[in-house]
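Those sequence lines, one after another, are chains R and F. To convert, count from 1 in the first sequence and add 80; that's this note's numbering. To convert, count from 1 in the second sequence and add 214; that's this note's numbering. Beta carbons: idealized from backbone N, C-alpha and C, even for Gly. Right, one structure below, let's go through it.
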Amino acid sequence: MVLFAPILDMVDSPEFFIEVIIGGLVAGVMYSLVALGFVLIFKASSVFNFSQGVLALFAALTLVGLMDGTVPILLIDSGFPLPAWAAIIVTGLVMVGLAFLIERIVLRPLVNQDPIILFMSTIGLAFVLEGFGDILWGSEVKALDVGIPTGNFLIGEIQLQVFDMWAAGIAAFMVLVLAVFFQKTRLGRALRAVADDHQAALSVGIPLRNIWIVVWAVAGFVALVAGIMWGSSSGVQFSLSLIALKALPVLILGGFTSVPGAIVGGLIIGVGEKVAEVYWGPMVNGAIENWFAYVLALVFLLFRPQGLFGDKIIERV
Amino acid sequence: MSAQERVFNETLLSVENISLSFGAVKAISDVSFDIKKGEIRAIIGPNGAGKTSMLNCINGFYHPQLGQMVYKGAVRKQMKPHETAANGVARTFQNVALFRGMTTLDNIMTGRNLKINKWKTWLLAAAIFVGPTRDEERVHRAFVEEIIKFLEIEAIRKTPVGRLPYGLQKRVELGRALAAEPELLLLDEPMAGMNLEEKQDMCRFILDVNDEFGTTIALIEHDMGVVMDISDRVVVLDHGSKIADGTPDEVKKNQDVIDAYLGVPH
Ligand SMILES: Nc1ncnc2c1ncn2[C@@H]1O[C@H](COP(=O)(O)OP(=O)(O)OP(=O)(O)O)[C@@H](O)[C@H]1O
Ligand SMILES: [Mg+2]
Numbered sequence: 081m082v083l084f085a086p087i088l089d090m091v092d093s094p095e096f097f098i099e100v101i102i103g104g105l106v107a108g109v110m111y112s113l114v115a116l117g118f119v120l121i122f123k124a125s126s127v128f129n130f131s132q133g134v135l136a137l138f139a140a141l142t143l144v145g146l147m148d149g150t151v152p153i154l155l156i157d158s159g160f161p162l163p164a165w166a167a168i169i170v171t172g173l174v175m176v177g178l179a180f181l182i183e184r185i186v187l188r189p190l191v192n193q194d195p196i197i198l199f200m201s202t203i204g205l206a207f208v209l210e211g212f213g214d215i216l217w218g219s220e221v222k223a224l225d226v227g228i229p230t231g232n233f234l235i236g237e238i239q240l241q242v243f244d245m246w247a248a249g250i251a252a253f254m255v256l257v258l259a260v261f262f263q264k265t266r267l268g269r270a271l272r273a274v275a276d277d278h279q280a281a282l283s284v285g286i287p288l289r290n291i292w293i294v295v296w297a298v299a300g301f302v303a304l305v306a307g308i309m310w311g312s313s314s315g316v317q318f319s320l321s322l323i324a325l326k327a328l329p330v331l332i333l334g335g336f337t338s339v340p341g342a343i344v345g346g347l348i349i350g351v352g353e354k355v356a357e358v359y360w361g362p363m364v365n366g367a368i369e370n371w372f373a374y375v376l377a378l379v380f381l382l383f384r385p386q387g388l389f390g391d392k393i394i395e396r397v
Numbered sequence: 215m216s217a218q219e220r221v222f223n224e225t226l227l228s229v230e231n232i233s234l235s236f237g238a239v240k241a242i243s244d245v246s247f248d249i250k251k252g253e254i255r256a257i258i259g260p261n262g263a264g265k266t267s268m269l270n271c272i273n274g275f276y277h278p279q280l281g282q283m284v285y286k287g288a289v290r291k292q293m294k295p296h297e298t299a300a301n302g303v304a305r306t307f308q309n310v311a312l313f314r315g316m317t318t319l320d321n322i323m324t325g326r327n328l329k330i331n332k333w334k335t336w337l338l339a340a341a342i343f344v345g346p347t348r349d350e351e352r353v354h355r356a357f358v359e360e361i362i363k364f365l366e367i368e369a370i371r372k373t374p375v376g377r378l379p380y381g382l383q384k385r386v387e388l389g390r391a392l393a394a395e396p397e398l399l400l401l402d403e404p405m406a407g408m409n410l411e412e413k414q415d416m417c418r419f420i421l422d423v424n425d426e427f428g429t430t431i432a433l434i435e436h437d438m439g440v441v442m443d444i445s446d447r448v449v450v451l452d453h454g455s456k457i458a459d460g461t462p463d464e465v466k467k468n469q470d471v472i473d474a475y476l477g478v479p480h
């Protein structure tokens, strides 16, 4: 019975409960964003991209470096710090360039290889990018401030963080743009076409290579946004790349091939772990947040391995 | 149709001494034939004769080790499928290859891929879906609606194709190929697995496409009745070699063809 006691707490203080839920949703939107990067690449090329987290770290490092006016490699001050908007644009271009390089150097030579080989190549890519980021921009923890407002405000009895609202708003906008892009545009249709059937996509004139560059570039943009959000709130450092580990349970929940799945999965995990932590945490001395997502994912693997929205997994015999 | 023999002069594609092997398997040996502009050309032959492989060579999925293709009067360099598509070749597949996650409409719209102006819909403009992009979409959407009407599939416009019965899937696949306004349309067994009524519909569509748009069509088909009815000329493959080539009537009487279909060893 003591397990149900927290439910009474929720009813007793609904304002606080709503605050907890909102906190969870904000974290969840971030998870969704990282998971989206995975889904994009997985859909178009069946590659599980282990380097998605490092991509976010790399983007954040580049952004901070440009805003501080650091000379890459030499790590001295160039005296030309870029304003945040310019640095974001340049970093975006860097991510596109990176997509070109990845297609040329990593994916193209491995075309038609087993997914496991491509998966391993992205592990390699993660290490290379991590080291490369260190060499270019140094390895110490950096603060990132692109000018997202901070502070807090009250709606009725509910206290909210301004930064959280911005972060959630930007992430939600990003998700919306991607959804429209996927559903309504030529390129979006081409991406879905490649995800559905390579041969048929080729036959209607969609070149696979360009599509791979596009998905990696889009995944790079998503990583940049995720890098800005996480970097702004907890500093740009190696641990930023570990947010990718949180994306894994999101993917299991939402299905590896589903864009809506990534969004809903992220929100469920964000809210779930916050609620569990706040209300049930004290009973087990806290830290539920660290493992809640994985346990939830395991339960899903047992009962619905294709996830909430994923394609049914049919094994041919 | 074969009764009033149609005459075609201009050669659209000429296949010259093509050989293709997969390791020790010879899929095609030294095959030559031509496809005239505006005709319906059938490719027939027993299972494993190399028919699909031939289509795959024409649209660039396979690259033959020997021989050459002369397309629209010029020797064609080795092309990838998306390049042949850009050069006016569209196709359907023996095992329906639709974009299963999409609706009928989106499948056909995707077939229009090459016709949609790339620059007007490029990345950001496309993502935000502003003015020029939207207009561009509207124009092509209207064209796609014409195809949907032509193929009489208005009722399934918004249905995800994975849920459609096989016969309708084949029809949608034809629609997707037509969306590219191809000069050369390759159909790999467009009537396989259909009932009589569906076959008749499909025959009608193929004849109408050829008639109304002047599209040149090369089709593989196992149903001899259909082949004799709708094709202008027939090329017969067996074990990777060409054994006959001519009008349906000529081919029907050819002893090699009769033997091949009866399985006489050679
Ligand atoms: N990608 C491939 N790899 C290896 N062998 C192949 C490949 N494609 C075709 N073949 C072989 O080439 C030969 C011809 O096959 P193809 O599919 O062209 O025949 P087909 O005439 O279309 O037969 P069907 O009427 O059964 O469709 C067969 O022996 C087939 O096994
Ligand atoms: Mg075949």
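query: Local conformation of F/TYR276 per DSSP, three classes; result: coil
query: For R/ASN129, three-class secondary structure by DSSP; result: coil
query: F/LEU338 (DSSP reduced to helix, strand or coil); result: Any answer about F/LEU338 is weak, because its pLDDT of 49 lies below 50 and its placement is not dependable; what the coordinates show is given next. The answer is helix: DSSP assigns F/LEU338 an H, G or I state.
query: Check: F/GLN308 C-beta below 7 angstroms from any heavy atom of ligand 1; result: yes
query: Spatially closest choice to R/PHE253 from R/GLN317, R/ILE343, R/GLY311 and R/VAL91, by CA coordinates; result: R/ILE343
query: Within chain F, partners of R/GLN279 - CB distance below 9 angstroms; result: PHE275, PRO295, PHE307 and ALA311
query: Partner residues on chain R for F/ASP207, Cβ-Cβ distance less than 7 angstroms; result: Past the edges of chain F, shown from 215 to 480, lies residue 207 of chain F, and the structure says nothing about it.
query: Three-way DSSP call (helix, strand, coil) for F/GLU230 in this model; result: strand
query: Min CB distance F/ASN223 to chain R below 8 angstroms; result: no
query: 8 angstroms Cβ shell around R/LEU323 - same chain, five flanking residues per side excluded; result: Reading off the sequence shown, one finds Ile at residue 323 of chain R, where the question assumed Leu. The residues are MET110, TYR111, VAL114, GLY133, ALA136, ALA306 and TRP310.
query: Cα-Cα separation, R/LEU400 to R/GLY334; result: What is shown of chain R runs 81 to 397, which leaves residue 400 of chain R out entirely.
query: With 16 other Cβ atoms within 10 Å as the buried cut-off, status of F/PHE247; result: buried
query: Straight-line Cα distance separating R/ALA299 from R/GLY149; result: 26 angstroms
query: heavy atom of ligand 1 below 7 angstroms from F/VAL440 C-beta; result: no
query: Within chain R, the residues that F/ILE249 reaches when beta carbons sit closer than 9 angstroms; result: Ordered by position in chain R, no residue passes the 9 angstroms Cβ test against F/ILE249, which lies about 18 angstroms from the chain.
query: CB contact flag (F/ARG220, F/ASP446, <8 angstroms); result: yes
query: Local Cβ density within 10 Å of R/MET363, reported as buried at 16 or more and exposed below that; result: exposed
query: Neighbourhood of F/PRO396 by C-beta, 7 angstroms cutoff - its chain only, sequence neighbours within 5 removed; result: GLY302, VAL303, ALA304 and THR429
query: Within chain R, partners of F/MET268 - CB distance below 8 angstroms; result: Those within 8 angstroms of F/MET268 in chain R number zero; the least Cβ separation is about 15 angstroms.
query: Beta carbon shell of ligand 1 at less than 6 angstroms from a heavy atom; result: F/PHE236, F/VAL239, F/ALA241, F/GLY259, F/ASN261, F/GLY262, F/ALA263, F/GLY264, F/LYS265, F/THR266, F/SER267 and F/GLN308
query: Three-state class that DSSP yields for F/ASP459 in the structure shown; result: strand
query: Assigned exposure category for R/PHE207 - 16 Cβ within 10 Å defines buried; result: exposed
query: Buried/exposed call for R/PHE378, threshold 16 Cβ in 10 Å; result: The residue you asked about is not Phe; residue 378 of chain R is Leu in the sequence shown. That one is exposed.
query: Minimum length 3: unbroken beta strand (DSSP E) runs contained in the stretch 238-299 of chain R; result: 238-241
query: Residue-chain proximity (R/ILE169, chain F), Cβ-Cβ < 8 angstroms; result: no
query: Per-residue DSSP class, three states only, for R/PHE336; result: coil
query: Contact with chain R by F/ALA394, beta-carbon distance below 8 angstroms; result: yes
query: Assigned exposure category for R/ILE156 - 16 Cβ within 10 Å defines buried; result: exposed
query: Interface flag, R/VAL295 vs chain F, CB-CB below 8 angstroms; result: no
query: beta-carbon F/ASP402 near ligand 2 non-hydrogen atom, thresh 7 angstroms; result: yes
query: Where F/ASP425 falls, given that 16 or more other Cβ within 10 Å makes a residue buried; result: exposed
query: Beta-carbon proximity of R/LEU347 to R/GLY108, cut-off 8 angstroms; result: yes
query: Under 8 angstroms by beta carbon: chain F residues contacting R/PRO340; result: Correct list: empty, because the minimum Cβ distance to chain F is about 12 angstroms.
query: Cβ contact check for the stretch 84-104 of chain R and the stretch 368-377 of chain R: 3 or more pairs under 8 angstroms; result: no
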